[in-house]
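Novice: Residue 316 in my numbering sits at position 316 of the sequence shown; the count goes up by one each step and never skips.
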Amino acid sequence: MLPFLLLALRGQAAEPVRITLAEAIRLALLHNHNLLATRTTIEQSQAQEITAGLRPNPVLSGAWQPPPLFKPQEGSTQVGLGLSYTFELGKRGRRIEAARDATQVTRSQVGDSERSLALQVATQFINVQLAESTFELSRQNLKSFQDAVGISETRYERGGISENDFLKIKLQLLQFETDVQQAQLAGTQALSDLRQLLGYESVPPDYDVTGPFDHQPLKVDLAELQKVASSNRPDLRAAEQGLTAAESQHELAKVNARPDVTLSANYFNSAGLNVALLGVSVPVPIFDRNQGEVARTQSVRVQAQQQHAAVLGQVKTEVKDAYEALQTSDRVARDYESGYLDIAQKSRDISEYAYRRGAASLLDFLDAERSYRATQLGYRQAIAAHLLASEQVRQAVGTRSLQ
1 MLPFLLLALR GQAAEPVRIT LAEAIRLALL HNHNLLATRT TIEQSQAQEI TAGLRPNPVL
61 SGAWQPPPLF KPQEGSTQVG LGLSYTFELG KRGRRIEAAR DATQVTRSQV GDSERSLALQ
121 VATQFINVQL AESTFELSRQ NLKSFQDAVG ISETRYERGG ISENDFLKIK LQLLQFETDV
181 QQAQLAGTQA LSDLRQLLGY ESVPPDYDVT GPFDHQPLKV DLAELQKVAS SNRPDLRAAE
241 QGLTAAESQH ELAKVNARPD VTLSANYFNS AGLNVALLGV SVPVPIFDRN QGEVARTQSV
301 RVQAQQQHAA VLGQVKTEVK DAYEALQTSD RVARDYESGY LDIAQKSRDI SEYAYRRGAA
361 SLLDFLDAER SYRATQLGYR QAIAAHLLAS EQVRQAVGTR SLQ
């Protein structure tokens, strides 16, 4: 019983790990090193909030004056201690507010990086599916053509075709073998590139993808997509928060123009006489009233307004472009399914049947093979284009849930 159990466990372990598109995106969001590095900007911004909330340190000072070195009897020792503290007038609260607004912008920018990464993963995932589908097609075409080569060899040996025709069809076999090798290489490279996006250590070397690779119509409305995008796009949210952050920086610059008040307390002991002094110092803002920073942050406010308008227009444009690409790719896929696939299949079957029985020329047979191969490959590329267009729509609106 135990050996059978061990064999079963080994058999299970030998099966490659297969991941779906949803799992691939989840792994990338958890393990992609570039994204993990980008997320540290949130912690950096939160650290800036801590810095913004810190109060000034009190200043402790001390002094000691010894007696004269050459006539110590004529002098006495003097000792002094002082403590001062600067009171900020309304600045700390503004600093904290500005830092928190900056953190909100950073969070949204990280969210936009996650959105971009999801599209990169989906694109590479579809590339893997296309490569594997193309590989399977090329293997089927190779097997079918090898059978045709075998029939041609028999006909050549019996004198049914010339040596020149037999060499032509055998030479054509090289193209089918090359197609298999190229498709296999494309699949291997696509899996390797996808693994890099997922986080190299998150999946084993022999992993694979799984999921439907077919034409899946996606019914969406452009007006509704624009509405969803305005609520979900993190880059648009970051631009809106950038307006608030720019306003906070401008208000902070104006508050920083206010002078701080420094209170000090000093104690002196000289010749047995104890003296205590209390002092107040306030800078007089005659020359430096933080004019430059106020002017700069005012320009930053205008810049943030223009950037928000640009991002808003970009969001609308990307949604419109993605919607049109989706509609076009859907029509192309439907065209293939409307009858062209069947026509290519029937044409090849008829030509192959006729060629096997000597009723069709070599050129007709090869032409039908090329047409069938081009049609099948074009259909797979159309499916990949439609799947990619669907992912671009999801990326354009900022959410994967569209229905």
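From the three backbone atoms N, C-alpha and C, an ideal C-beta is built for every residue, glycine too.
1) To the nearest whole angstrom, what separates the beta carbons of LEU263 and SER84, a pair I think is in contact under 8 Å?
2) According to the Cβ coordinates, are ALA24 and PHE125 closer than 8 Å?
3) Does the distance from the C-beta atom of GLY187 to that of ALA131 stay below 8 Å?
4) Residues in its own chain within less than 7 Å of ARG356 by CB, not counting five upstream and five downstream?
5) For VAL128, count the other beta carbons within 10 Å of its own beta carbon; 16 or more makes it buried, fewer makes it exposed. Which is it?
6) Taking 6 Å as the limit between beta carbons, can you name the residues of its chain near SER281, skipping five residues before and five after?
7) Looking at C-alpha atoms only, which residue of LEU174, PRO283 and ALA265 is the closest neighbour of VAL275?
8) How many angstroms separate the CA atom of GLY398 from the CA atom of ASP221?
9) Drop a sphere of 10 angstroms on the beta-carbon of GLU352, count the other beta-carbons inside from all chains shown, and report buried for 16 or more, exposed for fewer.
10) Measuring alpha carbon to alpha carbon, tell me which of ASN34, TYR323 and THR77 ends up nearest LEU218.
11) Do VAL180 and SER133 have their beta-carbon atoms positioned less than 8 Å apart in this structure?
12) Closer than 6 Å by C-beta to ASP101: which residues in its own chain qualify, once you throw out the five before and the five after it? Chain order, please.
13) Name the DSSP bridge partner or partners of LEU278?
14) Can you tell me where the beta strand (DSSP E) with ALA63 in it begins and where it stops?
15) Would you mind working out which of THR154, LEU185, GLY90 and GLN184 sits nearest LYS170, comparing C-alpha positions?
16) Comparing C-alpha positions only, which one of GLN146, ARG394, ASN32 and LEU117 sits nearest to LEU173?
17) Beta-carbon separation of ARG115 and ILE42 under 8 Å?
18) Compute the Euclidean distance between the alpha carbons of ASN290 and THR317, then round it to the nearest angstrom.
19) On a CA-only basis, which of ARG348, ALA374 and ARG373 is nearest ASP465? Give me that one, please.
20) Please state the DSSP three-state secondary structure of LEU7.
21) Would you tell me roughly how many angstroms separate the C-alpha atoms of GLU49 and ALA22, rounded to the nearest one?
22) Considering only the beta carbon of each residue, do LEU167 and LEU29 sit closer than 8 Å?
23) Could you tell me which residues DSSP pairs with ILE19 in its beta bridges?
24) LEU273: which of GLN78, LEU36 and PRO234 sits nearest, CA to CA?
25) So, GLU251 versus ARG94, is the Cβ gap smaller than 8 Å?
26) Of the choices GLN46, THR178, ALA374 and ARG55, whose alpha-carbon is the least far from that of GLN345?
27) Note down, in chain order, each residue of its chain lying with its Cβ closer than 6 Å to the Cβ of LEU142, except the 5 sequence neighbours on either side.
28) Would you list the residues sitting across from THR86 in a DSSP beta bridge?
29) Which one of ILE286, PRO285 and TYR267 has the shortest CA to CA distance from LEU278?
30) Skipping 5 residues on each side, what residues in its chain have a beta carbon closer than 8 Å to that of PHE287?
31) With VAL393 and LEU326 assumed to form a contact (beta carbons below 8 Å), what rounded beta-carbon distance in angstroms separates them?
32) Helix, strand or coil, according to DSSP, for GLN120 in the structure here?
33) With a floor of 4 residues, list each alpha helix (DSSP H) that falls wholly inside the region 159-225, ordered by position along the chain.
34) Determine the DSSP secondary structure at GLN109, reduced to helix, strand or coil.
35) Report the rounded CA-to-CA distance for THR452 versus PRO212, giving the unit in angstroms.
36) Can you give the Cα-Cα distance for GLU380 and HIS386, rounded to whole angstroms?
Specialist: Taking the coordinates as given:
1) 7 Å
2) yes
3) At a Cβ-Cβ threshold of 8 Å, GLY187 and ALA131 count as neighbours.
4) ILE151
5) buried
6) For SER281, where only same-chain residues beyond five positions count, the Cβ hits under 6 Å are THR262.
7) ALA265
8) 15 Å
9) buried
10) The closest CA to that of LEU218, considering only ASN34, TYR323 and THR77, is found on TYR323.
11) no
12) Non-local beta-carbon contacts of ASP101 in its own chain, meaning distances under 6 Å to residues more than five positions away in sequence, involve THR244, ALA245 and SER248 in chain order.
13) ALA265
14) 59-65
15) THR154
16) GLN146
17) no
18) 41 Å
19) It is not possible to answer for residue 465, since the shown part of the chain is limited to 1 through 403.
20) Its pLDDT being 37, under 50, LEU7 is placed unreliably by the model, and nothing is read from it.
21) 35 Å
22) no
23) VAL209
24) GLN78
25) yes
26) ALA374
27) For LEU142, where only same-chain residues beyond five positions count, the Cβ hits under 6 Å are PHE176 and VAL180.
28) THR262
29) TYR267
30) none
31) 5 Å between Cβ atoms; contact.
32) helix
33) 163-198
34) helix
35) Nothing about residue 452 can be reported from this structure: the residues present for the chain run from 1 to 403 only.
36) For clarity, residue 380 is Arg in the given sequence; the question names Glu instead. Roughly 10 Å between the two C-alpha positions.
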